[in-house]
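Participant: Structure incoming, see below.
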Amino acid sequence: ADSGAVRIGFADEGKLGSIVSGALENSNVDIAEELTNMIAAQRSYTANSKVFQTGSDLMDVLVNLKR
Numbered sequence: 673a674d675s676g677a678v679r680i681g682f683a684d685e686g687k688l689g690s691i692v693s694g695a696l697e698n699s700n701v702d703i704a705e706e707l708t709n710m711i712a713a714q715r716s717y718t719a720n721s722k723v724f725q726t727g728s729d730l731m732d733v734l735v736n737l738k739r
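The following block contains the structure:
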């Protein structure tokens, strides 16, 4: 996306914004949504881990059957 032409100048002059020392910006992250996404990712990871563990267990059984 094009953000426009470069404008050089001093803060608080003309249409340029001002700088406020020591000010804090509000968060633009929705904590509830991110927590929900994190829980879903954790559950997916756990499920995938169990699939790989089961596959490993089956391979162990197959190797032991051959002996």
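Under this note's numbering, the very last position in the sequence shown is 739; numbers go up by exactly one each time. Note that beta-carbon positions come from the ideal geometry of N, C-alpha and C, so glycine has one too.
1. Out of V701, I691 and A719, which has the shortest C-alpha to C-alpha gap to F682?
2. Could you check the C-alpha separation between D702 and V678 for me, to the nearest Å?
3. In terms of residues, what are the limits of the alpha helix (DSSP H) holding R715?
Facilitator: Walking through what the data contain:
1. Per the Cα distances, I691.
2. C-alpha separation (whole angstroms): 32 Å.
3. Its alpha helix (DSSP H) spans residues I703 to K738.
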